[in-house]
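Heads up: the structure comes next, in structure tokens.
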Amino acid sequence: MHSDIDHILINALREDIGNGDVTTMSLISENSSSHAVFKAKGNFVLAGLPYAQRVFTLMDSNARFSGIKKDGDRIVQGQILAKVKGTTRVLLMAERTALNILQRLSGIATLTDHYVRRIRGFNSRIADTRKTAPGLRVLDRYAVRIGGGHNHRYGLFDGILIKDNHIAAVGGVGKAVKLARAGVHHLLKVEVEVKNLSEVKEALRAGADVIMLDNMPVDKMEKAVHAIRKEGRNILIEASGDIGLENVRKVAQTGVDIISVGALTHSAPAADISLKFN
1305 MHSDIDHILI
1315 NALREDIGNG
1325 DVTTMSLISE
1335 NSSSHAVFKA
1345 KGNFVLAGLP
1355 YAQRVFTLMD
1365 SNARFSGIKK
1375 DGDRIVQGQI
1385 LAKVKGTTRV
1395 LLMAERTALN
1405 ILQRLSGIAT
1415 LTDHYVRRIR
1425 GFNSRIADTR
1435 KTAPGLRVLD
1445 RYAVRIGGGH
1455 NHRYGLFDGI
1465 LIKDNHIAAV
1475 GGVGKAVKLA
1485 RAGVHHLLKV
1495 EVEVKNLSEV
1505 KEALRAGADV
1515 IMLDNMPVDK
1525 MEKAVHAIRK
1535 EGRNILIEAS
1545 GDIGLENVRK
1555 VAQTGVDIIS
1565 VGALTHSAPA
1575 ADISLKFN
């Protein structure tokens, strides 16, 4: 597994266990062994099973984890997801970290799946944002992909996205786009956030490659998409802000290419999963 993932999982284990699990160490013999099952207590899209497995093998390389289901499967309440065998102490100490990851990622995948299914039949893509749990972005973004969504830029370093505060700092949409274009190589796309048709036209004149329609009502979004398409250039159009399951299909109907939804990673309810000892 990627070293970055191991770093996240090891830190999570250290956060929970600290200097030792005083309850388990008091109650359980070091020679005791057990086996347990991960069980679904609700319906969801499964994500994170390989990471849950890694939590146990990081604690003890002799732990045995058997997946019954796989990431991307649609899970029904009552189904067994996986089985794990090992020393009882290790199973108890790794339990919460494994469940936290599995529940969070399955929740993100499930919510993403709801959005993806709402816009079925349109060419728009559902994408995540940088609104991830600090330190867990690589895991959160993985879960979005498992749910059928797509990843936006990873961070501040791999894509230009000019937002409202950038625009306020430099004095306008057009000026911001021109400054960005002059400062980067020709292979890097320049995206700019706009709030109205006037800013759309400004972004077009300045040569933006991607235009984000931020918090626009659907009727204004339709006009903006029409204005951009008339330009004739292959400009990507993104919609963002104030988009939920209740209106995402109407947003897709406007013809935007990308619909970015922060809620995928900052507001997804955790899936209900338990680990039960046999």
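Residue numbers (this note's numbering): 1305 to 1582.
Idealized CB from N, CA, C, for every residue including glycine.
Identify the residues that DSSP records as bridge partners of residue i: which are they?
i, result
"Phe-1461", "Answer is none; Phe-1461 lacks a bridge partner."
"Ile-1563", "Ile-1430 and Ala-1543"
"His-1454", "Ala-1431"
"Ser-1571", "Paired residue(s): none; Ser-1571 is not in a bridge."
"Ile-1577", "Ala-1344"
"Ile-1466", "Val-1496"
Should residue i be flagged as near chain B, meaning a C-beta pair shorter than 8 Å?
i, result
"Asp-1546", "You won't find chain B in this structure, because it holds only one protein chain."
Out of the options, which one is the CA nearest neighbour of residue i?
i, options, result
"Asp-1513", "Val-1504, Pro-1521 and Asp-1308", "Val-1504"
"Arg-1421", "Glu-1495, His-1570, Gly-1548 and Leu-1385", "Gly-1548"
"Glu-1319", "Ala-1402, His-1570 and Asn-1347", "Ala-1402"
"Ile-1430", "Asp-1377, Arg-1445, His-1454 and Ile-1321", "His-1454"
"Leu-1579", "Met-1329, Leu-1317 and Arg-1400", "Arg-1400"
"Lys-1493", "Val-1522, Asn-1335 and Phe-1461", "Phe-1461"
"Ser-1337", "Ile-1321, Asn-1323, Ile-1309 and Thr-1392", "Thr-1392"
"Asp-1364", "Ala-1398, Gly-1475, Gly-1322 and Gly-1536", "Ala-1398"
"Ala-1572", "Thr-1414, Asn-1335, Asp-1310 and Gly-1371", "Thr-1414"
"Arg-1537", "Ile-1515, Gly-1322, Lys-1479 and Asn-1551", "Ile-1515"
"Asn-1404", "Lys-1479, Leu-1317 and Gly-1371", "Leu-1317"
Return yes when the Cβ of residue j is within less than 8 Å of the Cβ of residue i, no when it is not.
i, j, result
"Ile-1412", "Gly-1451", "yes"
"Val-1560", "Ile-1539", "no"
"Gly-1352", "Ser-1307", "no"
"Gly-1423", "Arg-1553", "One point to set straight first is that residue 1423 is Ile, not Gly, in the sequence displayed. Yes; because the gap between Cβ atoms is below 8 Å, this pair is in contact."
"Ala-1543", "Leu-1568", "no"
"Ala-1484", "Ile-1464", "yes"
"Phe-1369", "Val-1388", "yes"
"Gly-1511", "Val-1481", "yes"
"Val-1565", "Tyr-1419", "yes"
"Val-1380", "Thr-1416", "no"
"Lys-1435", "His-1570", "yes"
"Leu-1501", "Ala-1528", "yes"
"Val-1359", "Asn-1582", "no"
"Tyr-1346", "Asn-1366", "The question names Tyr, but residue 1346 in the sequence shown is Gly. It is not a contact, given that the beta carbons lie outside the stated cut-off."
"Lys-1534", "Asn-1519", "no"
"Ala-1507", "Val-1496", "yes"
"Ala-1556", "Phe-1426", "yes"
"Ile-1332", "Leu-1440", "no"
"Leu-1443", "Tyr-1355", "yes"
"Ala-1574", "Arg-1378", "no"
If I'm right that residue i touches residue j with Cβ under 8 Å, what's the distance once you round it to whole angstroms?
i, j, result
"Asp-1325", "Leu-1396", "7 Å"
"Leu-1385", "Lys-1373", "5 Å"
"Ile-1563", "Ser-1428", "5 Å"
"Lys-1349", "Gly-1376", "Residue identity check: residue 1349 is Val in the sequence provided, not Lys. Indeed they touch by this definition, with Cβ atoms about 7 Å apart."
"Thr-1433", "His-1456", "6 Å"
Cβ of residue i within 7 Å of any heavy atom in the ligand ATP?
i, result
"Val-1529", "For the ligand ATP, the structure offers nothing, since it holds no ligand at all."
*Go through the stretch 1487-1528 residue by residue and report every complete run of the beta strand (DSSP E) that reaches 3 residues or more, in order.*
Within the stretch 1487-1528, the complete beta strand (DSSP E) runs of at least 3 residues are 1494-1498 and 1514-1518.
*Which whole runs of the alpha helix (DSSP H) in the stretch 1333-1393 are 4 residues long or more, in chain order?*
If we require 4 residues or more, the alpha helix (DSSP H) runs fully inside the stretch 1333-1393 come out as 1353-1363.
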